[in-house]
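There are 2 protein chains.
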Amino acid sequence: MRILLVEDDEKTAEAVSASLTAAGYAVDHEADGEEAWFKGDTEPYAAIVLDLGLPGMDGLSVLRKWRQAGQTFPVLILTARGDWSERVEGIDTGADDYLPKPFQMQELIARLRAIIRRSAGQATPVITISTVSLDTRQMRVTVDGVPIHLPPQEYRLVSYLMHHAGRVVSQHELTEQLYAQDFERDSNAVEVLVGRVRKKLGVDLIQTRRGFGYVIEEPES
Amino acid sequence: MRILLVEDDEKTAEAVSASLTAAGYAVDHEADGEEAWFKGDTEPYAAIVLDLGLPGMDGLSVLRKWRQAGQTFPVLILTARGDWSERVEGIDTGADDYLPKPFQMQELIARLRAIIRRSAGQATPVITISTVSLDTRQMRVTVDGVPIHLPPQEYRLVSYLMHHAGRVVSQHELTEQLYAQDFERDSNAVEVLVGRVRKKLGVDLIQTRRGFGYVIEEPES
DNA sequence: ACGGCATTGTCAGCTTTTTGTCAGGTAGAA
DNA sequence: TTCTACCTGACAAAAAGCTGACAATGCCGT
Numbered sequence: 042m043r044i045l046l047v048e049d050d051e052k053t054a055e056a057v058s059a060s061l062t063a064a065g066y067a068v069d070h071e072a073d074g075e076e077a078w079f080k081g082d083t084e085p086y087a088a089i090v091l092d093l094g095l096p097g098m099d100g101l102s103v104l105r106k107w108r109q110a111g112q113t114f115p116v117l118i119l120t121a122r123g124d125w126s127e128r129v130e131g132i133d134t135g136a137d138d139y140l141p142k143p144f145q146m147q148e149l150i151a152r153l154r155a156i157i158r159r160s161a162g163q164a165t166p167v168i169t170i171s172t173v174s175l176d177t178r179q180m181r182v183t184v185d186g187v188p189i190h191l192p193p194q195e196y197r198l199v200s201y202l203m204h205h206a207g208r209v210v211s212q213h214e215l216t217e218q219l220y221a222q223d224f225e226r227d228s229n230a231v232e233v234l235v236g237r238v239r240k241k242l243g244v245d246l247i248q249t250r251r252g253f254g255y256v257i258e259e260p261e262s
Numbered sequence: 042m043r044i045l046l047v048e049d050d051e052k053t054a055e056a057v058s059a060s061l062t063a064a065g066y067a068v069d070h071e072a073d074g075e076e077a078w079f080k081g082d083t084e085p086y087a088a089i090v091l092d093l094g095l096p097g098m099d100g101l102s103v104l105r106k107w108r109q110a111g112q113t114f115p116v117l118i119l120t121a122r123g124d125w126s127e128r129v130e131g132i133d134t135g136a137d138d139y140l141p142k143p144f145q146m147q148e149l150i151a152r153l154r155a156i157i158r159r160s161a162g163q164a165t166p167v168i169t170i171s172t173v174s175l176d177t178r179q180m181r182v183t184v185d186g187v188p189i190h191l192p193p194q195e196y197r198l199v200s201y202l203m204h205h206a207g208r209v210v211s212q213h214e215l216t217e218q219l220y221a222q223d224f225e226r227d228s229n230a231v232e233v234l235v236g237r238v239r240k241k242l243g244v245d246l247i248q249t250r251r252g253f254g255y256v257i258e259e260p261e262s
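Residue numbers (this note's numbering), protein chains in the order written: chain A, 42 to 262; chain B, 42 to 262.
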């Protein structure tokens, strides 16, 4: 299985590369963002390990371009520990997992295995439920084919609920997903958010399970 | 569905236990390795959540002994974040998945569900008894296919009884499951709850065993 | 830099739902 | 019958969620 490692720090790159090779992967290494983008777009990789701070082109931009081009390979992002904003952006952009630096090689390998396995099952760039579609590539929502503009936070809410359609998602879980860890717990921000989204996408899409959370119901099973 | 939680840290154990219970599982808790081994080898668990560093017998040894004895239940291992070597060993030994601490409860539950489903081949997150179905994902109850709205406390009651179908559950046990420990003991809240649920799901579903408790009878087979 | 617009969290008030309590009623068992 | 366990309808307090208004913040174009 071929892995593309995008990492500009040479020492890290060598170490990671050696470990992945030892684990049985065929590893291509790229240090420059633009080069990496080209390779990812043209070669059939099983997964990509992507460091952010790159020369040439920023890591997130590279990822964004891949996704826009329709590439669905799983991407594991290496981030500086605790960098919340990078994480959120990564989610928006379509990363599959994050590994805070510094990390152990075994952990990297385990996570890589996990996302490869996961991606083998499902990778849909567009989720549609009743009249609402979520295009994760273009980060766009349409209702009856009409594009609806959603600001970032509202988009994330819809995205999360649609990715977990059919499951009740508690307010607490949503708070964890949408806000930094130290966010005030007794805020009603999520409720407000839900209200705003409902106003735009229709009141029926997101249902309230009073006392439990919110659901977007799956089309009948 | 019964889960065996093997965890020596009391705080963690309580938190995990509460979440799993809330998710509809019947949780047995064991802190000692040898005790855990015996229980796992003799009781029919749907899955086991296994923490490593244990007193009595090391967690991995316990797992190894189970596997040598031919036990096939899925095992989810909890590991300390840094302790990746344990993780790798755990997988080798026959663990089905592992979760690094600290983790989010929702993640634990999701993974647990996943390995249980995998091990059962085609198990669904839905329990059906006669005309009544309980969908644990959507947290919804249907009667003859018609969704019935149940508020949290009523839902929990039904969920608990259905997960323990065929067994008489005492009022005291229900009180322990549904209310905080210091709940007034001479309250008839459970009776009221049962009444309300019966009104919605039909009077036959929950049967009274005067002097003992309540049962939902399993469909004989 | 400045003004305007978009975004988003907070807040207060309001509506709806949930749920325990209570006071009697009913029914099974001895 | 009589005791006890359980059931039920009404009620009120509390909780949960919704909404409009507002303010802080940040962004964009001039």
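Each residue gets a CB set at the ideal place from its N, CA and C atoms; glycine is no exception.
A quick note: this is a predicted structure, and the numbers were derived from the prediction, not measured.
Query, Result
"Rounded distance between the beta-carbons of residue 59/A and residue 44/A, thought under 8 Å", "With 8 Å as the limit, residue 44/A and residue 59/A do not qualify as a contact, their Cβ atoms being about 13 Å apart."
"C-beta neighbour in chain A for residue 178/B, strict 7 Å", "yes"
"Bridge partners - residue 91/B, DSSP secondary structure assignment", "47/B and 118/B"
"Three-pair Cβ contact test at 8 Å for the segment 199-214 of chain B versus the segment 242-260 of chain B", "yes"
"Min CB distance residue 193/B to chain A below 7 Å", "yes"
"Contact under 7 Å by Cβ, residue 73/A with residue 110/A", "no"
"For residue 192/A, the three-state DSSP class (helix, strand or coil)", "coil"
"Where residue 54/A falls: helix, strand or coil (DSSP)", "helix"
"Cβ of residue 164/B within 7 Å of any chain A Cβ", "With a pLDDT of 38 at residue 164/B, under the threshold of 50, the predicted position of this residue should be treated as unreliable, though the coordinate-derived value follows. No, no contact with chain A."
"Bounding residues of the alpha helix (DSSP H) (the contiguous stretch that carries residue 236/B)", "230-242"
"Proximity of residue 189/A and residue 199/A at Cβ, strictly below 7 Å", "no"
"Alpha-carbon to alpha-carbon, residue 145/A and residue 80/A", "26 Å"
"Where residue 246/A sits in the DSSP three-state scheme", "coil"
"Proximity below 7 Å, CB of residue 246/B to CB of residue 167/B", "no"
"Cα-Cα separation, residue 42/B to residue 149/B", "16 Å"
"Inter-residue spacing [alpha-carbon to alpha-carbon] between residue 193/B and residue 252/A", "6 Å"
"Within chain A, partners of residue 147/B - CB distance below 7 Å", "214"
"Presumed contact (8 Å Cβ cut-off) between residue 77/B and residue 114/B, rounded CB distance", "Rounded, the Cβ-Cβ distance is 13 Å, inconsistent with contact."
"Cβ shell of residue 211/B (< 6 Å), same chain only, five flanking positions each side left out", "254"
"Selection from 137/A, 64/A and 237/A that minimises the alpha carbon distance to residue 118/A", "137/A"
"Straight-line gap, residue 185/A to residue 91/B (C-alpha atoms, nearest Å)", "48 Å"
"Residues of the segment 244-258 of chain A with Cβ closer than 8 Å to any Cβ of chain B, in chain order", "250, 251, 252, 253, 256 and 258"
"Straight-line Cα distance separating residue 105/A from residue 112/A", "10 Å"
"Reference residue 49/B; option with closest CA among 75/B, 219/B, 64/B and 61/B", "75/B"
"Supposed contact pair residue 180/A and residue 196/A - C-beta distance, whole angstroms, cut 8 Å", "6 Å"
"According to DSSP, residues forming a beta bridge with residue 174/B", "169/B and 183/B"
"Sequence-distant residues of its chain with Cβ nearer than 6 Å to residue 33/B (five each side left out)", "Here chain B has residues from 42 to 262 only, and residue 33/B is not among them."
"Euclidean distance between Cα positions of residue 139/B and residue 93/B", "11 Å"
"Spatially closest choice to residue 171/A from 226/A, 157/A, 231/A and 243/A, by CA coordinates", "243/A"
"Within chain B, partners of residue 217/A - CB distance below 9 Å", "145 and 147"
"Closer than 8 Å at the beta carbon, the chain B residues around residue 208/A", "178 and 179"
"Identity of the residue in 69/A, 53/A and 215/A nearest residue 142/A by Cα", "53/A"
"Opening and closing residue of the beta strand (DSSP E) in which residue 256/A lies", "254-257"
"Beta-carbon proximity of residue 84/A to residue 47/A, cut-off 7 Å", "no"
"Continuous alpha helix (DSSP H) stretch holding residue 103/A: start and end", "100-109"
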